[in-house]
């Protein structure tokens, strides 16, 4: 039986965050990350972007947004 438990959240991105690297967007992400850290979150599952072909023109930006969030 597995006994490891991880504190997990759903990390949602929204359309406004596609305005990255806007300083306001960066600050909102930092606030989300700080709240997750304060709650001792160990795993965040990304939601808010459906990785379908209709987002193909935003993939580079989406990847940079995810990278920024992880690095914060």
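Numbering (our numbering), first residue to last: 0 to 71. Ideal placement from N, C-alpha and C gives every residue a C-beta, glycine not left out. Remember, predicted model here, so these are calculated numbers, not experimental data.
- prompt: What are the complete beta strand (DSSP E) segments, minimum 3 residues, inside the stretch 4–48?
  reply: 7–11, 42–46
query: By the 10 Å Cβ neighbour count, where 16 or more other Cβ atoms means buried, how is residue 7 classified, buried or exposed?
result: Taking the first residue of the chain shown as 1, we reach residue 7 at position 8. When all chains shown are included, residue 7 counts as exposed.
task: Could you tell me whether the Cβ atoms of residue 40 and residue 71 are closer together than 9 Å?
output: What you label residue 40 is simply residue 41 of the chain shown in a count that begins at 1. What you label residue 71 is simply residue 72 of the chain shown in a count that begins at 1. It is not a contact, given that the beta carbons lie outside the stated cut-off.
- prompt: Should residue 26 go down as buried or exposed, given a rule of 16 or more other Cβ atoms within 10 Å for buried?
  reply: As a position in the chain shown, residue 26 is number 27, starting the count at 1. Residue 26 is exposed by the Cβ-count criterion.
- prompt: How many angstroms separate the CA atom of residue 68 from the CA atom of residue 17?
  reply: Counted from its first residue, the chain shown places residue 68 at position 69. Counted from its first residue, the chain shown places residue 17 at position 18. Their backbone Cα atoms lie some 13 Å apart in a straight line.
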